[in-house]
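So the structure is just underneath, and the comments pick up after that.
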Amino acid sequence: MRKLFVSFNCLLFFLFSQVSISGQVVRQDSVVSFSNGILRIDFNLNTGFWECDIKGEKVFHNAYAAVKTAPEGSLLGWKETFCDNYFREYSSRTLTDDLGTGTEVVFKHHAYPEGLNLELILSLYDDCPLMTITLKAKNCTNSTYLIRELHPLEIDFSRKGMLYFGSKPTDCVVLNNEYISWRTCKLVEIKDGSEARSHWNNLIYDRKTGKAMIVGFLTQQITENIISLKYSSVDQASSERIGFGRFLVNCRTGNYRLAPGDSIVCDRVMLNWSTQPLSALERYAEWMGRFHHVRLWPRVPTGWCSWYYYYWKVSEADVIANIDALAEKLKSYGIEYVQIDDGFQQALGDWETNDKFPHGHRWLTDRIHSKGLKAGLWLAPFGIGEKSKIFRNHPEWLIKGENREPLKVNKAWNNPYWGGDVYALDPSCPGVQEWLRNLFRKVTEDWGYDYVKIDFLYYATGASQSEADNANCHYYANVTPIQAYRMGLQAIRQGVGADKFVLGCGAPIGASVGLVDGMRIGTDVYTKWTQIAECAKNTARRFFLHNRVFLNDPDVVMVRTKIPEAQAKAWASLVALTGTMTLDSDNLSLVPDSRIDILKKILPVYLGEFRPLDLLTAVNEPPSIWDCKIDRDFEQWHVVGLVNWKSKTKKISLDLKQFGRFERPWLAFDFWEQKFLGEFTSEITLQVPGNSCKVITLRQKQGIPQILSTSSHITQGAIDLEQVSWNADSLVLKGTSRGVVGESYKIYLYVPRDPEVKYQLS
Numbered sequence: 002m003r004k005l006f007v008s009f010n011c012l013l014f015f016l017f018s019q020v021s022i023s024g025q026v027v028r029q030d031s032v033v034s035f036s037n038g039i040l041r042i043d044f045n046l047n048t049g050f051w052e053c054d055i056k057g058e059k060v061f062h063n064a065y066a067a068v069k070t071a072p073e074g075s076l077l078g079w080k081e082t083f084c085d086n087y088f089r090e091y092s093s094r095t096l097t098d099d100l101g102t103g104t105e106v107v108f109k110h111h112a113y114p115e116g117l118n119l120e121l122i123l124s125l126y127d128d129c130p131l132m133t134i135t136l137k138a139k140n141c142t143n144s145t146y147l148i149r150e151l152h153p154l155e156i157d158f159s160r161k162g163m164l165y166f167g168s169k170p171t172d173c174v175v176l177n178n179e180y181i182s183w184r185t186c187k188l189v190e191i192k193d194g195s196e197a198r199s200h201w202n203n204l205i206y207d208r209k210t211g212k213a214m215i216v217g218f219l220t221q222q223i224t225e226n227i228i229s230l231k232y233s234s235v236d237q238a239s240s241e242r243i244g245f246g247r248f249l250v251n252c253r254t255g256n257y258r259l260a261p262g263d264s265i266v267c268d269r270v271m272l273n274w275s276t277q278p279l280s281a282l283e284r285y286a287e288w289m290g291r292f293h294h295v296r297l298w299p300r301v302p303t304g305w306c307s308w309y310y311y312y313w314k315v316s317e318a319d320v321i322a323n324i325d326a327l328a329e330k331l332k333s334y335g336i337e338y339v340q341i342d343d344g345f346q347q348a349l350g351d352w353e354t355n356d357k358f359p360h361g362h363r364w365l366t367d368r369i370h371s372k373g374l375k376a377g378l379w380l381a382p383f384g385i386g387e388k389s390k391i392f393r394n395h396p397e398w399l400i401k402g403e404n405r406e407p408l409k410v411n412k413a414w415n416n417p418y419w420g421g422d423v424y425a426l427d428p429s430c431p432g433v434q435e436w437l438r439n440l441f442r443k444v445t446e447d448w449g450y451d452y453v454k455i456d457f458l459y460y461a462t463g464a465s466q467s468e469a470d471n472a473n474c475h476y477y478a479n480v481t482p483i484q485a486y487r488m489g490l491q492a493i494r495q496g497v498g499a500d501k502f503v504l505g506c507g508a509p510i511g512a513s514v515g516l517v518d519g520m521r522i523g524t525d526v527y528t529k530w531t532q533i534a535e536c537a538k539n540t541a542r543r544f545f546l547h548n549r550v551f552l553n554d555p556d557v558v559m560v561r562t563k564i565p566e567a568q569a570k571a572w573a574s575l576v577a578l579t580g581t582m583t584l585d586s587d588n589l590s591l592v593p594d595s596r597i598d599i600l601k602k603i604l605p606v607y608l609g610e611f612r613p614l615d616l617l618t619a620v621n622e623p624p625s626i627w628d629c630k631i632d633r634d635f636e637q638w639h640v641v642g643l644v645n646w647k648s649k650t651k652k653i654s655l656d657l658k659q660f661g662r663f664e665r666p667w668l669a670f671d672f673w674e675q676k677f678l679g680e681f682t683s684e685i686t687l688q689v690p691g692n693s694c695k696v697i698t699l700r701q702k703q704g705i706p707q708i709l710s711t712s713s714h715i716t717q718g719a720i721d722l723e724q725v726s727w728n729a730d731s732l733v734l735k736g737t738s739r740g741v742v743g744e745s746y747k748i749y750l751y752v753p754r755d756p757e758v759k760y761q762l763s
């Protein structure tokens, strides 16, 4: 089918005769110019193309915006045209919001004689390389239009457009994001003819210059947002400067019916340029959290989950056995939740217990609470099994497909507790919203659960795990798939209440921000090293979201003897260093004490400043250098995981200059080996066995007796040391440690070699 493109575009040129002063909006002839001292935008009112420079260097050439649309019921289908028959005007104002202060310019495009009126809003923020873009469409006809896509930013070589970034495109990598929790984020190397496609945010990084550009949506409440970038050596206007010939920010709206006089606006997209890419990612997530008014959960959850040992065969007796083991072995280490996963229910939609749980929900949560633990429950709230009561009694509650029949989102599989083929609830339906509110109020108030894991959330946007099913989903209300999804999440949140933890899973991640407390951000982990590695990719590549828009859930740790000890320690170490949610999923009644000790070393969670230092160079594997910066009142230090993802031993080097330039050397200690490694100044290189991880503590040498390590917790002092001080007058090193009653552990001290000084330990 052809596509109808309503676009506003024009050829733009440099203004040498007049330059806009920072904060001022200047018009000369048809060109409107404004700047923030770093970024400069020139917009031509005659045709609608605009340009962007950074300190005089061209970034965008011939950028424009567009709407993909057609009259409802049109027999012509979608056709693609570029119509310049517009009258354009602009207005400006001073802007103050969660990003700071700046200048906002609204460019209005009036269709002639009738059609869609468009507003493109460009905002620059004072004294920083930051801009935002929003696009709005209004129907000024007497007919309803179907709006499929809004393109707030588009650059295409066929219209002489170009995105310039870095030295040349093939020096760049793109860190992409994916639609739902389970799909693996990728680090894409740009090659001739390649395209990098990402959901809701990406980062373009030039490996030669160290420069980065982040494109990310600040709000994700209306549209499904996709960013795509393409380079081709054929699409080049000049051999002197090579760029990307295709750049599209695409806001998909589904079958949105825009009635006469109505408007639709896309989510707001941000572009930020930086030479500190990891910091820029963190800053973007902080801004996104502000725009969604995120309320962060005050404590990172720990606990036990039934899924990865029992799967859907879990029984009430299994849960009781693990409650007893948790209370005996790990409760004093701060473990908090017991989460019952898939397998307790009668069918998807019928959430009462089946015959494997004869005493019901309330009896079980009372048992959990009696042990001083909290209770969690898994549900797939938008999934409805064809054998469920909901499917029989309320077919009008289901999303309709292209043929206007209930949309099947999953086929029956060998889990007998799903109730056959799966259909999806329509969250835009008021009856569904009321049912969801009542269900989750029952789960928390009547059944007594303190925590809910809501899974397969993407069902609310269709059957695809890669994107919203924009073409086939038909909702009760005239809403976009993302708006419908958020209606359902809001109803769940209202039913749960603010004091109970909500974990999203199998979710459109960006569209969930502000409505969940935690989010699964990776694939299922299982027990093989290759599966751990796949899970580690998303744990690292989505690191910046943690404790900024929600708490990251990297999936469970497992320490059963089926897993080689080195691999169990490695994954447990990485989860601990990230400071993310930490749930075990073993049959703890069968786990030997030597493996339970691994869990004791990572509990409770310490929320430090985590970064995967080689994130933007690890293309085919997860990063190998996982750094957690510890910041206590008495000292700052680093705990670094060095991971060998290969099966054979290899050397891994850590550049210590990444931590800053210091005159004093670093003291290195191997946590799992309980071994002092020596002093290092600029670099540390270690032999790391295959399929394993070394955890190295790095403290700056102080020239006095000092703490080197402790054996009780992987952070080696962040959890178990209250305070440490050195008295230079009395020559006393004094501190307070906090441990578990009845458990012994070691504290390692470093004492400088000085033949003139004698030390006594008391």
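Heads up: the sequence shown begins at 2 in this note's numbering, then just goes up one per residue. Backbone N, C-alpha and C define an ideal beta-carbon position, used for all residues, glycine too.
- Closest in alpha carbon position to residue 309, among 558, 716, 31, is 558.
- Residue environment: residue 88 is assigned as exposed (fewer than 16 neighbouring CB atoms within 10 Å of its CB, all protein chains considered).
- Following the DSSP letters along the chain, one finds residue 662 in no alpha helix (DSSP H), marked with neither H nor E.
- For residue 218, the secondary structure class from DSSP, reduced to helix, strand or coil, is strand.
- Residue 189 sits in a strand when the DSSP states are folded into three classes.
- With respect to the C-alpha of residue 193, the residue from 692, 170, 448 having the closest C-alpha is 170.
- Beta-bridge annotation (DSSP): residue 140 is paired with 117.
- When the five nearest sequence neighbours on each side are left out, the beta carbons in the same chain lying within less than 6 Å of the beta carbon of residue 564 are those of 528, in order along the chain.
- In the three-state DSSP reduction, residue 536 falls in the helix class (H, G or I).
- Non-local C-beta neighbours of residue 536 in its own chain, meaning closer than 7 Å and more than five positions away in sequence, comprise 523, 524, 526, 555, 556, ordered along the chain.
- If you draw a 10 Å sphere on the C-beta of residue 32, you find 16 or more other C-beta atoms in it, and that means buried.
- Counting the other Cβ atoms within 10 Å of the Cβ of residue 155 gives 16 or more, which makes it buried.
- Assignment of beta-bridge partners to residue 688 by DSSP yields 652.
- For residue 610, the beta-bridge partners assigned by DSSP are 630.
- Taken in chain order, the unbroken stretches of alpha helix (DSSP H) that lie wholly in the segment 276-321 and span 4 residues or more are 278-292, 308-311.
- With respect to residue 208, residue 174 sits close: the two C-beta atoms are nearer than 8 Å.
- Between residue 306 and residue 465, the alpha-carbon positions lie close to 27 Å from each other.
- Within the same chain, 334 come within 6 Å of residue 601 by CB-CB distance, once the 5 residues on both sides are set aside.
- Judged by DSSP in its simplified three-state form, residue 675 adopts coil rather than helix or strand.
- Closest in alpha carbon position to residue 693, among 652, 731, 658, 96, is 652.
- Beta-bridge pairing by DSSP links residue 103 to 96, 126.
- Judged by DSSP secondary structure, residue 256 falls within the beta strand (DSSP E) whose first and last residues are 247-259.
- Looking at the DSSP output, residue 641 bridges to 628, 697.
- Beta-bridge analysis with DSSP links residue 750 to 708.
- With a 10 Å radius around the Cβ and a threshold of 16 neighbouring Cβ atoms, residue 611 comes out buried.
- Out of 129, 354, 622, 48, the CA that lies nearest to the CA of residue 274 is found in 129.
- Every unbroken stretch of the beta strand (DSSP E) spanning 3 or more residues and falling wholly within the segment 372-460 is given here in chain order: 375-380, 384-386, 409-411, 423-425, 452-455.
- Bounds of the alpha helix (DSSP H) holding residue 486 are 482-497.
- Using a 10 angstroms sphere on the CB of residue 183, the tally of other CB atoms reaches 16 or more, which defines it as buried.
- Under a 10 Å Cβ-count criterion, residue 683 is classified as exposed, with fewer than 16 other Cβ atoms of the shown protein chains found around its own Cβ.
- Judged by DSSP in its simplified three-state form, residue 194 adopts coil rather than helix or strand.
- Going by beta carbons, residue 689 and residue 643 fall inside the 8 Å limit.
- Secondary structure at residue 703: coil, using DSSP grouped into helix, strand and coil.
- Annotated three-state conformation of residue 67 is strand, per DSSP.
- Leaving aside the five residues that flank residue 624 on each side, the residues in its chain whose CB is nearer than 6 Å to its CB run, in chain order, 541, 613, 615, 616.
- The alpha-carbon separation between residue 105 and residue 479 amounts to approximately 30 Å.
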